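In this note's numbering, the protein residues as written are 16 to 406.
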């Protein structure tokens, strides 16, 4: 709590700066997990502060966003995470970004296998794929009439710290060490070439990405008496797109990865999905019906693949819905069921979000995980409450 109060005090001096835009929230999160795992807690309570600052000038802008988390029980979840801290200069038809930031790529609702830029933050919710660690990079983007082209160089690989051993969200063996082993130097740049565009006559958005450098997947291997993550080099090509036709949105993500590590198989990923909206089903409320399919295919079964990486979306069908109340509180409900076609592993999720008195937000969520027997994960049921004040 002292860290959050200190950060709030430091930030308050900047909020009066001329031309400064800011937003953020401070809130409380509480969760309960029903499980049968020995020596694991069944609860988690924490205070979270999130702040975003943006200082704009004529052709320049400085951006900061970060979060501070103080967990009442888990000492590993008392930390500051700087997601964005960068300078951007805007030219007439292009811009140059230098610093640390987060990016969100992909088209699917439940999981994005083309979202490869940032490292997952395992100290946060492991099932929230938007929980990321900021990445140091330099990026140049050229803008055209209906498209843009970016050259991005990420210049450092972040290690993944985990929650403490008594947390149900720590799936690692007791001998796990967060020391990162990299195939080349840890600061070896990972290069991304990204082209994005939209249709002139049709409602289509698309992106093509080439990646050369460290993969977002990492495998565990013993180093002395510990088990450590190993980051390996790849050549990867990716694409994703959304097409709107009437009341239906069609989505896809494609990727192929060539591994430079003899232990890791080359692999391909495919996802297809659609969302069809029924308007005015109950008064002003709309309901979106979602269906998605995910496939991970390794090219050499004798090497590391989806099973060894603990990938939950190896051969999965997901069906779900989004119920939008269209009220003044922006209330909605999102639910889904993911089932593995091979081993019937399933994950059920349901979340409700609403706004209270304009400045407060309330979130309730439920999740059930039934993993396969040899999975890194264990069977559990969890409920979570989030309540925050937004400014």
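Glycine included, C-beta positions come from ideal geometry on N, C-alpha and C.
Please read these numbers as outputs of a predicted model, since none were measured by experiment.
| Query | Result |
| --- | --- |
| contact_flag[the region 152 to 168, the region 201 to 209] where n(CB pairs < 8 Å) is 3 or more | yes |
| Contact belief for residue 411 with residue 219 at Cβ below 8 Å, rounded distance in angstroms | In the structure displayed, the chain extends from 16 to 406; residue 411 sits before or after that span and is not available. |
| Residue 46 - partner residues in DSSP beta bridges | 59 and 399 |
| Residue interval of the beta strand (DSSP E) (run including residue 76) | 75 to 86 |
| Nearest-angstrom Cα separation, counted from residue 141 out to residue 292 | 29 Å |
| Boundaries (first-last residue) of the alpha helix (DSSP H) holding residue 321 | 321 to 324 |
| Same chain only: Cβ atoms within 6 Å of residue 253, ignoring 5 sequence neighbours per side | 129, 224 and 270 |
| Close beta carbons around residue 402, own chain, < 6 Å, minus the five adjacent residues each side | 42, 43 and 377 |
| Nearest neighbour of residue 347, chosen from 190, 300 and 98 [CA to CA] | 300 |
| Cβ-based burial, residue 316 [other Cβ within 10 Å; buried from 16] | exposed |
| Residue of 399, 404 and 406 minimising C-alpha distance to residue 47 | 399 |
| Proximity test, residue 370 beta-carbon vs the ligand GDP heavy atom, cut-off 7 Å | Ligands in the displayed structure: none, and consequently the ligand GDP is not present. |
| Limits of the unbroken beta strand (DSSP E) element including residue 199 | Looking at the DSSP string, residue 199 is not in any beta strand (DSSP E), and its letter there is neither H nor E. |
| Simplified DSSP assignment, three categories, for residue 361 | strand |
| Through-space distance from residue 393 to residue 364, alpha-carbon basis | 16 Å |
| Length of the line joining the Cα atoms of residue 354 and residue 138 | 26 Å |
| Assigned exposure category for residue 147 - 16 Cβ within 10 Å defines buried | buried |
| Proximity winner among 273, 263, 185 and 329, relative to residue 395 (alpha-carbon distances) | 185 |
| Length-filtered (4 minimum) alpha helix (DSSP H) runs lying within the region 151 to 239 | none |
| For residue 242, the nearest candidate out of 283, 257 and 187 (CA to CA) | 187 |
| Whole-angstrom distance between residue 352 and residue 214, CA atom to CA atom | 32 Å |
| Anticipated Cβ contact below 8 Å, residue 118 with residue 88, distance rounded | Their Cβ separation, rounded to whole angstroms, is 32 Å, which puts residue 118 and residue 88 out of contact at 8 Å. |
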